[in-house]
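Enquirer: Okay, so the sequence shown: first residue is 31 according to this note's numbering, each after it adds one.
Glycine residues also receive a C-beta, built at the ideal position from the N, C-alpha and C atoms.
None of the values given here were measured: they were computed from a predicted structure.
Here it is, the structure, as structure tokens.
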Amino acid sequence: KDILTMFVRKKKYPSGNIGVIVVEKIGGKMKELATIGVAYNEGEVENLVIEAKEWISKEECRRHPQLDLYGEEREACDREREEVRRVLSNVSNIFLNGCDLILDRTFDRIGFNRIDDDVFRKLVKARLAYPTSKAATVEYLKNHFDEDMDLSKIYRYLDKLSDHQYEIVQDISVQHTAKLFGGNIGVLFYDVTTLYFEADYEDELRKTGFSKEGRHSNPQIILGLLVSLGGYPLAYCIHEGNKYEGHTMQPTINEFVSKYGLENFVVVADSGPMNNANIAELESHGYKYIIGAKIKKVSKSRTGYWNSPSATAKWLNMTKEADAVS
């Protein structure tokens, strides 16, 4: 008696397309039973292979009928599978919008929907999901969400954001941050970085100076950022690339504190902007502060003060106040 064996075979045609067929081996000879279809790419090949295996399963059931206790359920599953296949076969494109849905809700919950500008919403979501250049952002929005946005439109909008919408964006961000911390922003972290430009000329803002990125020959700007505990952005400042970073901190902090009426907070910064003049000004305003620096790089007068009993008592008092606020 011949042993019957059915299996799937892929057949490559001269055109490069791949046919998926079901063959049967009978006594050492091969016989083609069915051509399931012709595939033009790897994705189609995989789908046709799945169909071929289902064809074999049905053919085996037809040849060897057995008592099926779940016949109705199996038929229902087969019908549902065929319906899903029919629907998917008519899909011409797929967009993954799970990230978009989540970010939309977060965007609205923070309160940024108060800014009635669709470009702002799209740029914020794209920056969170796929942080890259403006040109690549245009491609990302098109490929993933079928959103058409011209690159020049993005640059025009950035001018609008800077000139007319900065204040409301900052207000929303600060209000949301204060809400997270029970109405009180108790810590202000300040730091600066440099951003260089691939350009051969300077202007009134882009100047060559000390580069944190090691690009001392490129024009740059200095960016100062003020954030809260947890890294929530509060304010930023932009300065000429050749400006001393120690001169950027105090105006930013004073303006922010005055604008939002902050009280009982601590300023935290590294030793770069924390020069003697800034420390003296912080103390003149009654601001509490923490300096992040290596002890060996700090002057003896400062280390002597920090190790004194009065400084220890002051630090313990600040710690108790911070615990009371939290």
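What residue range is occupied by the uninterrupted beta strand (DSSP E) comprising His269?
Expert: Start and end: Pro263 to Glu270.
Enquirer: So if DSSP puts Thr224 in a beta bridge, which residue, or which two residues, is it bridged to?
Expert: In DSSP, Thr224 forms a bridge with Ile252.
Enquirer: Can you tell me where the alpha helix (DSSP H) holding Thr282 begins and where it ends?
Expert: Its alpha helix (DSSP H) spans residues Met279 to Tyr290.
Enquirer: Give the single residue among Leu78, Val149, Gly141 and His94 whose Cα lies nearest to the Cα of Arg115.
Expert: Among Leu78, Val149, Gly141 and His94, the Cα nearest to that of Arg115 belongs to Leu78.
Enquirer: Assign Thr282 to buried or exposed, taking buried as 16 or more other Cβ atoms, counted over all protein chains shown, within 10 Å of its Cβ.
Expert: Burial call: buried.
Enquirer: Alpha carbon to alpha carbon, how far is Asn284 from Phe142?
Expert: Going by the C-alpha atoms only, they are around 25 Å apart.
Enquirer: Return the Cβ separation of Tyr317 and Val298 in integer angstroms, given the expectation that the two are a contact with Cβ distance under 8 Å.
Expert: That belief does not hold up - the Cβ atoms of Tyr317 and Val298 are roughly 11 Å apart, past 8 Å.
Enquirer: Kindly list the residues whose CB is nearer than 7 Å to the CB of Ile202, restricted to its own chain and excluding five residues on each side of it in sequence; keep chain order.
Expert: Ile140, Gly141, Phe142 and Arg144.
Enquirer: So, at 8 Å on beta carbons, what are the nonlocal neighbours of Asn248 in its own chain, with the 5 sequence-adjacent residues on each side left out?
Expert: Contacts found: Tyr226, Phe227, Glu228, Ala229, Thr238 and Ser241.
Enquirer: Using only CA atoms, which one of Leu131, Asn305 and Leu264 lies nearest to Lys289?
Expert: Measuring from the Cα of Lys289, the nearest candidate turns out to be Leu264.
Enquirer: Go ahead and pull the three-state DSSP assignment for Tyr319.
Expert: If DSSP states are grouped into helix, strand and coil, Tyr319 belongs with the strands.
Enquirer: By Cβ distance below 6 Å, which residues in the same chain neighbour Tyr160 in space, the five residues on each side in sequence not counted?
Expert: Closer than 6 Å at Cβ, skipping near neighbours: Tyr170.
Enquirer: Identify whether Glu62 lies in helix, strand or coil by the three-state DSSP scheme.
Expert: Strand at Glu62.
Enquirer: From this set, Thr224, Ala208, Lys59 and Leu158, which residue's C-alpha is nearest Tyr266's C-alpha?
Expert: Taking only the C-alpha atoms, the option nearest Tyr266 is Thr224.
Enquirer: So, helix, strand or coil for Asp180, using DSSP?
Expert: Coil, per DSSP.
Enquirer: Just to check my reading of the structure: Val2 and Met36 have Cβ atoms closer than 8 Å, yes? What is that Cβ distance to the nearest angstrom?
Expert: Outside the shown range of the chain (31 to 356) lies residue 2, about which nothing can therefore be said.
Enquirer: With DSSP as the reference, identify every bridge partner of Glu90, one or two as the case may be.
Expert: None; Glu90 has no bridge partner.
Enquirer: Measuring only the C-alpha atoms, how far is Ser301 from Asp180?
Expert: Between Ser301 and Asp180, the C-alpha separation is close to 43 Å.
Enquirer: Please go through the same chain and pick out, in chain order, the residues whose beta-carbon is closer than 8 Å to the beta-carbon of Val168, but skip the five residues on each side of it.
Expert: Once the five neighbours on either side are set aside, the close Cβ partners of Val168 are Met179, Asp180, Leu181 and Ile184.
Enquirer: Which class does Leu235 belong to by DSSP, given the choice of helix, strand or coil?
Expert: Here Leu235 sits in coil by DSSP.
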